Amino acid sequence: MDHKRRELLKITALGLGAWATGLPLARAATATPRIRAIFETPMEEPFVTQLHLAMTRIAKEDGLDYKYSESVKAADFPRVLRQWCEEGIELIVGDAYGTEQMCRRVAGDYAETAFTLGSAMGPTGPNVSTFYGQNYEAAYLAGMLAAGLSKSGKIGVVAGIAVPTTYGLLNAYRTGAKVAKPGVQLKAAYIGSMFDPPKAKEATIAMADMGVDVVFAERIGVIEAATERNMIAIGNMTDQSAINPKTVVSSVIWDPYPIIKASVDAVRGGTFAAKDYSTIENIANGVNYLAPYKTFDDKVPAELKAAIEAKSKEIASGAVKVAYDTAETKSD
């Protein structure tokens with residue numbers, strides 16, 4: 532989950548409270564809605580990658596027109612959004628964590644345009660649905676995997692910004708690890724940025740020097756360093772095994788396809804309304820899961836695989852609840 536941008540740039544809903552939520556969108560049904568996406572970070576950033584993959588898949592399946600703009604500066608968001616709205620674009624998807632007020636002001640001026648945004652604020656009606664980018668349930672499973680594979684008894688995580696939403700992910704990872712191996716130690720580092728591969732690499736090397744042999748690559752740059760230091764890495768958001776299949780055992784997946792598909796179908800049917808899609812960002816709805824072990828399949832002990840699979844089913848059924856603990860995650 533890309534939690535840091537949500538918390539770092541979270542703002543109050545001042546001036547937005549007059550909007551009612553849950554009301555139907557003014558636009559009539561359209562068989563082939565056009566999709567536009569706007570991102571503040573580059574396509575390489577996993578959160579953006581996953582959204583792009585979901586929209587590309589839907590566009591191919593349904594024959595829709597999809598285009599995107601990446602690395603858009605916050606100050607340019609209103610201009611880009613207004614241009615699309617003036618063109619009559621039916622659905623706009625994007626990352627609004629750093630541009631909450633700007634995005635919602637534009638949405639307020641174009642009530643006939645549907646917006647589905649990554650947001651810390653939640654939906655506002657009639658035309659702004661939101662999601663959160665949560666994948667902490669899968670992070671719990673990743674913790675089990677990391678602890679089960681560690682030979683040194685020390686696992687790590689290199690994260691972006693030290694804020695409560697980041698802690699929610701990391702604490703789930705820690706909890707899963709402690710379930711698998713109570714005595715395991717967690718080392719946590721924060722690079723203070725959403726995208727700074729050199730800093731992430733530096734932090735990973737420092738962890739290797741401390742004896743960490745399995746690391747959760749919450750940020751880009753970790754896997755490269757893990758490869759250099761013969762560590763096992765667990766990717767985040769997207770399946771990152773392609774970076775180095777000999778280093779990445781699995782990844783904590785956030786798959787927004789169900790969210791984007793629901794938005795497209797609602798626009799197509801003329802039923803789009805402001806919804807909070809964070810309620811389906813979990814294992815039960817297929818938005819969270821661990822990526823296949825691939826080249827590590829014969830290296831992960833069968834007993835560990837079985838334990839992780841069993842726990843995943845328990846989480847999906849509701850028999851086990853993964854706590855979303857936002858207390859500061861510190862190194863053991």
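Last residue of the sequence shown? That's 863 in this note's numbering, and every number before it is there in order.
Where a beta carbon is used, it is the ideal one built from N, C-alpha and C, also for glycine.
Note that this is a predicted model, so its numbers are computed, not measured.
Sequence-distant residues of the same chain with beta carbon closer than 7 angstroms to residue i, five excluded per side
{"i": "Tyr641", "result": "Cys616"}
{"i": "Tyr667", "result": "Met532, Gly699, Leu700, Ala703, Val853, Tyr855"}
{"i": "Ala734", "result": "Val689, Ala720, Ile722"}
{"i": "Ala559", "result": "Gly801"}
{"i": "Tyr824", "result": "Val780, Ser781, Val831"}
{"i": "Ala677", "result": "Ile686, Ala708, Val745, Phe747, Ile765"}
{"i": "Pro728", "result": "Ile751, Gly752"}
{"i": "Thr758", "result": "Asn775, Thr778"}
{"i": "Lys682", "result": "Asp744"}
Per DSSP, cross-strand counterpart(s) of residue i
{"i": "Ile566", "result": "Tyr597, Leu622"}
{"i": "Tyr628", "result": "DSSP, once it has assigned bridges, lists no residue as partnering Tyr628."}
{"i": "Met768", "result": "Ile784"}
{"i": "Gln716", "result": "Lys685"}
{"i": "Asp807", "result": "Thr661"}
{"i": "Ala585", "result": "Paired residues: none, contrary to the question."}
{"i": "Tyr721", "result": "Ala690"}
{"i": "Val779", "result": "Ala764"}
Anticipated Cβ contact below 8 angstroms, residue i with residue j, distance rounded
{"i": "Ala669", "j": "Val783", "result": "5 angstroms"}
{"i": "Ile790", "j": "Met586", "result": "About 11 angstroms separates the two Cβ atoms, so there is no contact after all."}
{"i": "Tyr663", "j": "Glu812", "result": "6 angstroms"}
N- and C-terminal bounds of the alpha helix (DSSP H) containing residue i
{"i": "Ile751", "result": "It is not in any alpha helix (DSSP H) - Ile751 carries neither H nor E in the DSSP assignment."}
{"i": "Asn702", "result": "695-711"}
{"i": "Ser843", "result": "833-848"}
{"i": "Glu617", "result": "608-617"}
{"i": "Asp740", "result": "728-740"}
{"i": "Met675", "result": "667-680"}
Same chain, Cβ closer than 6 angstroms to residue i, neighbours up to 5 away in sequence not counted
{"i": "Phe726", "result": "Thr572, Glu576"}
{"i": "Phe827", "result": "Val780"}
{"i": "Arg565", "result": "Asp596, Ile620, Glu621"}
{"i": "Val624", "result": "Ala568, Thr647"}
{"i": "Pro609", "result": "Met633, Val637"}
{"i": "Leu835", "result": "Gly679"}
{"i": "Asp786", "result": "Val818"}
{"i": "Ala731", "result": "Val689, Ile722, Arg750, Gly752, Val753"}
{"i": "Thr857", "result": "Pro695, Tyr698, Gly699"}
Contacts around residue i, its chain only, beta-carbon distance under 8 angstroms, and the 5 residues preceding and following it disregarded
{"i": "Ser864", "result": "Limits of the chain in this structure are 532 at one end and 863 at the other, which puts residue 864 out of reach."}
{"i": "Lys718", "result": "Lys685, Ile686, Gly687, Val688, Met738, Met741, Val743, Ser862, Asp863"}
{"i": "Arg705", "result": "Gly674, Leu717, Thr860"}
{"i": "Val611", "result": "Ile569, Ser600, Val603"}
{"i": "Ala838", "result": "Met675, Gly679, Ala711"}
{"i": "Ser848", "result": "Ala815"}
Euclidean distance between Cα positions of residue i and residue j
{"i": "Val715", "j": "Gly679", "result": "9 angstroms"}
{"i": "Thr561", "j": "Gln665", "result": "30 angstroms"}
{"i": "Asp863", "j": "Met574", "result": "34 angstroms"}
{"i": "Leu622", "j": "Ile774", "result": "32 angstroms"}
{"i": "Gly674", "j": "Asp626", "result": "27 angstroms"}
{"i": "Tyr599", "j": "Val798", "result": "18 angstroms"}
{"i": "Glu859", "j": "Thr580", "result": "28 angstroms"}
{"i": "Pro695", "j": "Ile722", "result": "15 angstroms"}
{"i": "Thr778", "j": "Tyr788", "result": "27 angstroms"}
{"i": "Glu755", "j": "Asp770", "result": "15 angstroms"}
{"i": "Glu713", "j": "Ile846", "result": "With the sequence shown as reference, residue 713 is identified as Pro, and Glu is not the correct amino acid for it. So the alpha carbons of these two residues sit roughly 20 angstroms apart."}
{"i": "Gly649", "j": "Thr661", "result": "6 angstroms"}
{"i": "Asp908", "j": "Ile589", "result": "With the chain represented from 532 up to 863, any question about residue 908 goes unanswered, as that position is not in the structure."}
{"i": "Gln614", "j": "Pro654", "result": "22 angstroms"}
{"i": "Ala841", "j": "Asp829", "result": "19 angstroms"}
Delimiting residues of the beta strand (DSSP E) encompassing residue i
{"i": "Ala645", "result": "645-649"}
{"i": "Phe662", "result": "659-662"}
{"i": "Tyr824", "result": "No beta strand (DSSP E) holds Tyr824; DSSP gives it neither H nor E."}
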